[in-house]
Amino acid sequence: MKIATFNINGIKARLPRLLEWLEEAAPDVVCLQEIKSSDETFPRLEFETRDWHVETHGQKGFNGVALLARAPIREVLRGLPGDPEDHQARYIEADIGGVRVASIYAPNGNPAPGPKFDYKLAWLDRLITHARGLLALERPVVLAGDYNIIPTPQDCHDPDSWKDDALFRPESRAKWRTLIYQGWTDAIRQCHPVGDCFTFWDYQRGAWQRDDGIRIDHLLLSPQAADCLRAAEVDRLVRGREKASDHAPVWVRLALHDSKSGASGGKN
DNA sequence: ATGGTCGGCTTCCGA
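In the numbering used here, the protein residues as written are -11 to 256.
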């Protein structure tokens, strides 16, 4: 099973590029972030007519996440638990072919310090709490998305320039480490212990041309999913195309070995 | 020191 995450930065502007990448990359599951669309205006027919199952958790103009899958999508959870007052659409989770999959769009948090940074840290605390419960299921789980965290200096071209940024602040990286110490496997680093593996290049200042990137899109695997990990890659060439998102797709391939890996369904 | 680029929505905000 090939599971991908892709911050598309607007479904309306990215639809042709997304459809093109779906054809060539042939993932089984796609976690989308920043659809910047409500559920009502998301072009779900464009996907359903191409044999994708679609579930969205949208918001007009900003944020918004979605799941695309070849197999049926069941037991959908919309919104990150833990704060009934938080109405930002940043989390959707579901059962797909025996795997619990989440599409995550963590807050950016700039400027730091400030209320946006406080919201980011509180949101990550809620993610940490929810993730602990998912580990307790002892099932294959994949938490995929834009975490807006640069985990280590190795994960950016110029650490000095990110020193005071919410994506690289010690508080943000500490939240990341809390997740890792819970028992999640960072799939890209598992398969690529050294090297850049950037997933985002700013539109400004010729960041792509200078390869001034950062690694902020991650797939975290539960132990039961990590046991099945066969490959993890960044489709970085997608970033260099016309009308590209500022993020590249990232994916893992899992060799699921039990009967629950089939698409035949049923509750898990 | 500053400006630079996108997307969505509306004359600006978020990234």
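For glycine and all other residues, C-beta sits at the position ideal for the given N, C-alpha and C.
Contacts around residue i, its chain only, beta-carbon distance under 8 Å, and the 5 residues preceding and following it disregarded
i, result
"K48", "S25, S26 and T29"
"Q170", "I116, A119, R120 and L123"
"H245", "C216"
6 Å CB neighbourhood of residue i in its chain, flanking five on each side removed
i, result
"Y107", "P95"
"A54", "L20, I23 and T44"
"T173", "L209 and A214"
"L122", "V129"
"A(-8)", "P15, V18, P237 and W239"
"E81", "L65 and A90"
"C144", "I138, W150 and I202"
"L97", "Note that residue 97 is Gly in the sequence shown here, rather than Leu. Excluding residues within five positions, the ones whose Cβ falls inside 6 Å are K104, F105, K108 and A154."
Sequence-distant residues of the same chain with beta carbon closer than 7 Å to residue i, five excluded per side
i, result
"E159", "L109"
"N51", "E22, Q76, A77, R78 and Y93"
"R2", "I(-4) and S233"
"C185", "I176, R203 and V222"
"G183", "none"
"T117", "G70"
"F35", "V42 and L56"
"G67", "H45 and Y79"
"G(-2)", "E22 and K24"
"P211", "G171"
"S249", "A caution first: S249 carries a pLDDT of 47, below 50, which makes its placement in the model too unreliable to give a value."
Limits of the beta strand (DSSP E) - the one that residue i falls within
i, result
"F19", "Per the sequence shown, the amino acid found at residue 19 is Cys instead of Phe. Segment V17 to Q21, the beta strand (DSSP E) holding C19."
"E81", "Y79 to I84"
"E73", "No beta strand (DSSP E) holds E73; DSSP gives it neither H nor E."
"V64", "I61 to R66"
Beta bridge counterpart(s) of residue i as assigned by DSSP
i, result
"H45", "V53"
"D174", "L208"
"R2", "For R2, which the question treats as bridged, DSSP gives no partner whatsoever."
"N(-5)", "Q21"
"S91", "I80 and A132"
Boundaries (first-last residue) of the alpha helix (DSSP H) holding residue i
i, result
"R32", "R32 to E36"
As an exercise, report each continuous beta strand (DSSP E) stretch of at least 3 residues that is fully enclosed by the region 99 to 167, in chain order.
Counting only runs of 3 or more, we get 129 to 134.
If contact is defined by three or more beta carbon pairs under 8 Å, each pair taking one atom from either stretch, is the region 105 to 115 in contact with the region 154 to 166?
Yes: the two stretches touch, three or more of their Cβ pairs being nearer than 8 Å.
Quick check for students: name the residue ranges of the beta strand (DSSP E) that lie wholly in the region 188 to 252, counting only runs of 3 or more.
You should have 205 to 209, 217 to 222 and 238 to 242.
The region 128 to 140 / the region 198 to 205 touching (three or more Cβ pairs under 8 Å)
The region 128 to 140, when compared against the region 198 to 205, does touch it at the 8 Å Cβ threshold.
Check whether the region 98 to 105 touches the region 212 to 224, counting contact only when three or more Cβ pairs, one atom from each stretch, lie closer than 8 Å.
Put simply, the region 98 to 105 does not touch the region 212 to 224. Fewer than three CB pairs are less than 8 Å apart.
Count the CB pairs spanning the region 4 to 15 and the region 228 to 241 that are closer than 8 Å, and state whether there are at least three.
The answer is yes - the region 228 to 241 touches the region 4 to 15, with three or more Cβ pairs under 8 Å.
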